[in-house]
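Everything below concerns the one structure shown next.
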Amino acid sequence: MHFTNPIFLWALSGLAIPLGIHLLSKKEGKVIRIGSLRHLQETSTQQFRGIRLNEILLLMLRCLLIILFVFILSGLQLNSLKKTKWVVVENGLPGTSSVIIDSLKFEGYELHWLTEGFPAVNPGDTTSDSPEINYRKAIDQLTKLQISDVIIFAKNKPDKFKGMRTSLPSTFRWISQSAPPLNYILAAIKINSDSVLIRKGLTNESETVFENEKISGSISIDAKTRETISVLLVGDENHSFDKKIMDAVLAAIDRSFPIELVVTSATPSTISNSNQNDWIIWLSDEKISQTPAQSILLRPQISNDLIVAAGKGKWLITKRLTPDVALHESLTLLIAHLLVPGREALEQIADSKDRRMISDSIAWTASSEYENIAPYTTAPKNSSLILLFLAILVVERFVAYSRNQ
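Quick note on my numbering: the sequence shown kicks off at 819 and runs consecutively.
The following block contains the structure:
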């Protein structure tokens, strides 16, 4: 039981009103005309005292009406939490001690997965088949279940904290568990018959980094053939600095990604119509003289994004290229997302192995004493209290009428 607007409880002082009225009121007796006082006997004081507090039933009914009315204004909520306790564990969390889980189960906690639907963990289960769930959405759904005590073990993955930052309910305990650092091979590309370029990833709770390593000699790793991508880079004198920036971007992509970029430079006047390339990057105000399958054109315009789609296989660069633009807008990554084939598959692998986490202080706001107090204009109405109030009001009016009060 709790009140959403406890400020209205001061109105309980109104109970003094019916009590005062009943104490001060005296019920009028019948007038009997007699000729002489000689035959009347004096009544004891104890009998007169009973007149001062009369109609006890009416007094109780009116006091009860005031109490119910104040409770309705104060937003009395009678919804009680389920007498259940849950331990909710995120899928694939190796840092959670089985000893802790077993001890909590011994104390009566039910074990559930931190996934869609919160399925129960059956004996022998190591993972759940249910889809992953956003942390803030999970807290909202668990709150609606009205469980008395919830302990949550989570990885605190940054991409699962989508939505407005909120505080945890008082019945929730959030325990973040970091996974141990992980080294893995993201991709292996065969350069020639006796050498392989390996793209390795290292991820821990604070960062994820990638590096390339070339291995020669006897190789047992299953490697794919390195894919070659041809790029025609076209620029004129007015865009010579833009071209230098793009040259540096393409060189960085060639060094960092498991592909081979073959870059051919040209000007708008020397470009050949018979030139066949996978991509053309056009850094000129002149109209492009050919329509390749995939192209990136420099067309400065007002836009929140540096690169925008302009049709099938066509993208526009919306700003002139400078070192600041390339750095702040992550130009290398944007161009790599367009040029590098199969990047979606590589990103999915990297995301699945990513072990970065954010601290609890950043993930959740500190609870506030005013956080759970709703404005009285939006306080939920308790229909049971209202019906009870109306019923007692009818009874009070009937009793008052029948007793002429």
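Glycine is no exception: its CB is placed at the ideal position from the N, C-alpha and C atoms. On a predicted model such as this, the values are computed, not experimentally measured, just so you know.
Query	Result
Beta carbon of residue 940 nearer than 7 Å to that of residue 1175	no
Local conformation of residue 1089 per DSSP, three classes	coil
Own chain, CB closer than 7 Å to residue 967, minus 5 neighbours either side, in chain order	903, 989
Span of the beta strand (DSSP E) around residue 1082	1077 to 1084
Exposed unless 16 or more other CB atoms sit within 10 angstroms - verdict on residue 1062	exposed
For residue 907 and residue 1241, the rounded distance between their alpha carbons	Because residue 1241 is not part of the residues shown, which for the chain are 819 to 1223, the question remains open.
Proximity test, Cβ basis, 7 Å: residue 974 and chain D	Absence of chain D from the displayed structure is noted, only one protein chain being present.
One or two residues paired with residue 1006 in a DSSP bridge	1016
Distance between residue 1201 and residue 828 (C-alpha atoms, nearest Å)	22 Å
For residue 1180, the three-state DSSP class (helix, strand or coil)	helix
CB of residue 952 within 7 Å of CB of residue 980, strictly	yes
Residue interval of the beta strand (DSSP E) (run including residue 1053)	1045 to 1053
Proximal residues to residue 956 (C-beta, below 7 Å), its chain only, five neighbours per side dropped	932
Residues of its chain near residue 1035, where Cβ-Cβ distance is below 7 Å and the 5 sequence neighbours each way are ignored	1012
Identity of the residue in 1163, 991, 1067 nearest residue 1153 by Cα	1067
Contact set for residue 1081: own chain, Cβ-Cβ below 7 Å, skip 5 residues either direction	1049, 1051, 1068
Residue 934 versus 922, 983, 954, 1004, residue with shortest Cα-Cα distance	954
Buried versus exposed call for residue 1160 [16 or more other C-beta atoms within 10 Å across all chains shown]	exposed
Test item: CB-CB of residue 994 and residue 1178 under 7 Å	yes
Residue range of the alpha helix (DSSP H) that includes residue 962	953 to 963
Any alpha helix (DSSP H) of 4 or more consecutive residues that is wholly inside the segment 1118 to 1162	1141 to 1146, 1149 to 1157
Range covered by the alpha helix (DSSP H) that runs through residue 880	874 to 891
C-beta atoms of residue 1224 and residue 985 nearer than 7 Å	The chain is shown only over 819 to 1223; residue 1224 falls outside these bounds and no answer can be derived.
Residue 1020 vs residue 1027 beta-carbon contact at 7 Å	yes
For residue 1061, the three-state DSSP class (helix, strand or coil)	helix
Where the alpha helix (DSSP H) through residue 837 begins and ends	834 to 842
Delimiting residues of the alpha helix (DSSP H) encompassing residue 991	Careful: residue 991 lies outside any alpha helix (DSSP H), inside the beta strand (DSSP E) at 990 to 994.
For residue 985, three-class secondary structure by DSSP	coil
Selected residue, minimal CA-CA separation from residue 926, among 1054, 901, 937	901
Cβ-based burial, residue 880 [other Cβ within 10 Å; buried from 16]	buried
Cβ-based burial, residue 1042 [other Cβ within 10 Å; buried from 16]	exposed
Exposed unless 16 or more other CB atoms sit within 10 angstroms - verdict on residue 1181	buried
Residue 1053 classed as buried or exposed, judged by whether at least 16 other C-beta atoms fall within 10 angstroms	buried
Proximity to residue 1070 [Cα-Cα], best of 1024, 1124, 1151	1151
Residue 1211 in three-state terms, based on DSSP	helix
Whether residue 882 touches residue 1210 by CB criterion (7 Å)	yes
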